[in-house]
Structure formats: structure tokens, C-alpha cells
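Have a look at the structure below, then the notes.
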Amino acid sequence: MTKSRSRSTGMLALVVLGFLAATAVPGSANVPTKTSKRESRPKVAVIGTGGTIAGKSESRVGFQSYQPGRTPVAELVDFLQPEVGQVADVSSVDFGEKGSSEYTIAEFHDLSRLVDEQLTKADAVVVATGTQTMEELAYWLDLTVRSPKPVVVTGSMRPWTVIGSDGPPNLYNAITLAAGRRTRCFGTVIMMNDEILAARDATKTSTTRLDTLQSPELGILGTMDEKNVRLHRAPARVHDCAQPKQWRTPFDLATMPRDGLAKVEIVYSYADAGGESITAMAAAGVKGVVAAGTPSPAQTAALMSSTQSGMAVVAANRNNTGAVYDTPGPVIPAEDLLPQKSRLLLLLALSRTGDPAEVRSLFQRYAVPEFGPIR
1 MTKSRSRSTG MLALVVLGFL AATAVPGSAN VPTKTSKRES RPKVAVIGTG GTIAGKSESR
61 VGFQSYQPGR TPVAELVDFL QPEVGQVADV SSVDFGEKGS SEYTIAEFHD LSRLVDEQLT
121 KADAVVVATG TQTMEELAYW LDLTVRSPKP VVVTGSMRPW TVIGSDGPPN LYNAITLAAG
181 RRTRCFGTVI MMNDEILAAR DATKTSTTRL DTLQSPELGI LGTMDEKNVR LHRAPARVHD
241 CAQPKQWRTP FDLATMPRDG LAKVEIVYSY ADAGGESITA MAAAGVKGVV AAGTPSPAQT
301 AALMSSTQSG MAVVAANRNN TGAVYDTPGP VIPAEDLLPQ KSRLLLLLAL SRTGDPAEVR
361 SLFQRYAVPE FGPIR
């Protein structure tokens, strides 16, 4: 009796399974699995701006003989397949195809808007660019991008087409770092040579070496070894991650016209430097000057005279380390913010307000962000 029931139950199960198989939509069993797998991968948008990483060399050993920005970013991403496709669902956008030193502040403005636009659709953005002004571009994005999603800047010291190019591993690492979303609320970071650097702190230290991007004053944020990301510290702004209005800077480019940004220049000090260039800048309508290094007597006189006519002046260290704290009168100290980055911050502050007190307040707040008491 028991065996008969078992056979009946087994036959019924086979009939039911056969019915379900016959009435199923062909291929429908596989669709949810494939869709689910694709949707589970983070979306990373890679924006190409040219630079050495997209360069084409004259030969496979043309480490210094190449044309920058000759390879579309989609080709760079395709070269990393299928491995990079296992990390993220990657899309690509070409913003430009030239060396980083050729970009204007107006184009920086456009790039920031593009990054924010891409972040409405993607989980993270990677910007591939040249190293000449990488630190400036990264800091600009750090100050202006509105989304807290990861933004990673990368590049290379050798063109993509040479033996031993650092381009492929740098781009792969940048996409992997962005996809992991470990740097959410960090602002913009740089991924170069297996190291993660804060946009504010990083600077280029060599014209040829692969480890050119360094943070000599405060050190790196962390490292990458294959997929192993180690973060040792974080920028102070992560403190406000849960408070978007506090996390974002006031430099909203949607309210700041690209062609109406303030003109700011840098003046380097050296022995017996004259003040004529400073006077000429003021006459040409320059709104602010960053004095890199202790000014000469002639430069000091020209700077003080220019402040009387409304020019903003920031005093910065011309070295890669150290800080400027005490400054006379209306001069704003940059502390340890490098001159080229002080220029960008002063430019944004002056573009937002003409009030000297507010300019000073904005500069001091965002030049040296620090951790405060835990709220």
C-alpha cells in the first residue's frame, strides 16, 4: 500500500512538472538571473579628457615621444575587457582629446557639470586625464561636484601604446576603486601607481617617474593591491556625509556662469623680484593674486597697493610642504594649500561674492578642512 502511494505521488509530481515546463515562456527562466546579475554590478561612467593615458607613441618604446589624447576612452575601456566588466557595468564619454595643460577654467566648469550629470545615472565616475594639471582638475572637481558619489581621477606617465605603460593598470584600478564605493563622501580622489590620494593634498613631483603624484605633507589616503583596497585615513569632509547641505561646498556651478568666473593669477617670489607684473595684473582686471613664497619688497609694495583697489591676495608657500599662517592686513593665509590650488579656491570664492570678509571666510573654511567634534 505504501509503495503504491509513493508511485502515485511520484507520477503526479512528474505530470505537474511537465505541465509547468510546457506552459513556460521559452527562455523566461534565464531572464531574471541575467538581469539580476547585470543590475547587481555598479554602474561606472568613465570620462576621457585626453592626456598621456590616451596618447599614441611613435614606437613601442616611445615613452616620451607621443601625441596625447589620440585614443577614444571607449577603446581604453574595451582593452580592459572582460576583466573590468566583471567589476562594473562601464560606460564611457569623451569630453576632450588634448593635453591637460590646454584646458581652460571654462572647460573645467563644463567638466564638473558633466560629472554631476553622469552621477545622476551612474554609481560613480572616473575621469581619465593628463598629469600636468591633474592635481588642479581633481581639486576643482572636489570643490564643485555636488554629488557625494565616488569621483576618481586617474592618468598615466607613459602613453597607452608603449611597453610597460602604467595606463591600463591605473584605469583598471580607478574603475575598481570607484565601483567599490569605498570613497563615497571623500570628494574627489586620485588613483595613481596603486595609491589613493586626496585631491586637495596631491601634487605632481616628477616629469617622468611613475610615482609622480604624491601627498608630501599629509600622506596618501590608502593603497590598492589588485582588488584589495586599504584606506588609512579620510578627508575631513566625510564628517558631514549624513548632512548633504553641510557636505557640499557653496560653489554651485549651476548658479555661476562659465564665462563670468573671476580672473586669478599666481605670482612667484624670487630674489629682487619686481612688482610690475602685479601692477599690470590689477590694471588688466585681475580680481585676485596668489603670492607663492615670501614676496620681495617691491612685490610687497605692489600687493599692498593692489589690495587698496580691491584685489584679493592670498599668501601661499612656494614649496611642496610647510604652511603660511600669519599674514599682514587683508592678505589671506593659505596655510598648507599649494599655490595652484589656492588660485582655484580664491577664484571660486571671488566668483561667488565680492565681499572681502566673506571671501576670507570661504577661503579659510575650505582651504584647510579639519575634523571637528563628533555630532
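Numbering (the UniProt record's numbering) for the sequence shown: 1 to 375. Positions of the beta carbon are idealized from the N, C-alpha and C atoms, including for glycine.
Note on geometry: alpha-carbon atoms of Phe-63 and Thr-161 lie some 9 Å from one another. Distance from the Cα of Pro-42 is smallest, within the candidate group Ala-54, Lys-56 and Lys-121, for Lys-121. In this structure, Asp-252 keeps its C-beta atom at 8 Å or more from the C-beta atom of Ala-106. By the CB criterion at 8 Å, Ile-278 and Arg-343 fall outside the cutoff. In the DSSP assignment, Arg-230 falls within the beta strand (DSSP E) that extends over 228 to 231. Checking the DSSP bridge columns, you'll see Pro-333 partnered with Ala-315. Contact between Ser-156 and Thr-133 does not hold, since their C-beta atoms are separated by about 15 Å, which reaches or exceeds 8 Å.
Excluding its 5 nearest sequence neighbours in each direction, Glu-58 has C-beta neighbours in its own chain below 8 Å: Ser-65 and Tyr-66, listed in chain order. The beta carbon of Phe-186 sits closer than 8 Å to the beta carbons of Pro-150, Ala-198, Leu-221, Ala-234, Pro-235, Arg-237 and Val-238 from its chain, once the five residues preceding and following it are set aside; these are given in chain order. Distance between Val-126 and Gly-274, taken at the CA atoms: about 43 Å. Straight across, the Cα-Cα distance linking Pro-72 with Arg-158 is about 16 Å. Assignment of Ala-262 by DSSP, reduced to helix, strand and coil, places it in the coil class.
Around the beta carbon of Tyr-103, 16 or more other beta carbons sit within 10 angstroms, so the residue counts as buried.
A distance below 8 Å separates the beta carbons of Val-46 and Val-77. C-alpha of Pro-168 to C-alpha of Pro-216: approximately 25 Å in a straight line. Annotation: Glu-117 to Arg-146 spans about 10 Å, alpha carbon to alpha carbon. Looking at the DSSP output, Asp-225 bridges to Asn-228. Annotation note: the segment 108 to 134 contains the following uninterrupted beta strand (DSSP E) runs of length 3 or greater, listed N- to C-terminal: 124 to 128.
The criterion of a C-beta distance shorter than 8 Å is satisfied by Val-289 and Val-313.
Taking the Cβ atoms as the reference, Ala-174 lies roughly 4 Å from Thr-154, within the contact range of under 8 Å.
For the pair Ala-316 and Leu-337, the CB atoms are nearer than the 8 Å cut-off. Taking the CA atoms as reference points, Arg-60 sits about 6 Å from Ile-163. Secondary structure at Ile-278: helix, using DSSP grouped into helix, strand and coil. Within 10 angstroms of the beta-carbon of Tyr-139 lie 16 or more other beta-carbons, which makes it buried.
Counted as a single uninterrupted DSSP element, the beta strand (DSSP E) harbouring Ser-92 occupies residues 89 to 98. Thr-188 is bridged by DSSP to Val-151. Annotated three-state conformation of Gly-219 is coil, per DSSP. With a beta-carbon spacing of about 7 Å, Leu-171 and Leu-80 fall inside the 8 Å limit used to define contacts. By the neighbour-count criterion, in which a residue is buried when 16 or more other Cβ atoms sit within 10 angstroms of its Cβ, Asp-142 is buried. DSSP lists Val-189 as the bridge partner or partners of Ala-198.
The beta carbon of Asp-211 sits closer than 7 Å to those of Asn-193, all from its chain and outside the five residues before and after it, given in chain order.
In the structure shown, the three-state DSSP call for Thr-321 is coil. Linking Gly-50 to Ser-269 through their CA atoms gives a straight-line distance of about 33 Å.
Rounded to the nearest whole angstrom, the CA to CA distance from Ala-292 to Asp-89 is 44 Å. Thr-207 sits away from Gly-130, with the two beta carbons spaced by 8 Å or more.
A Cβ-Cβ separation of about 11 Å leaves Leu-137 out of contact with Phe-95 under the 8 Å criterion.
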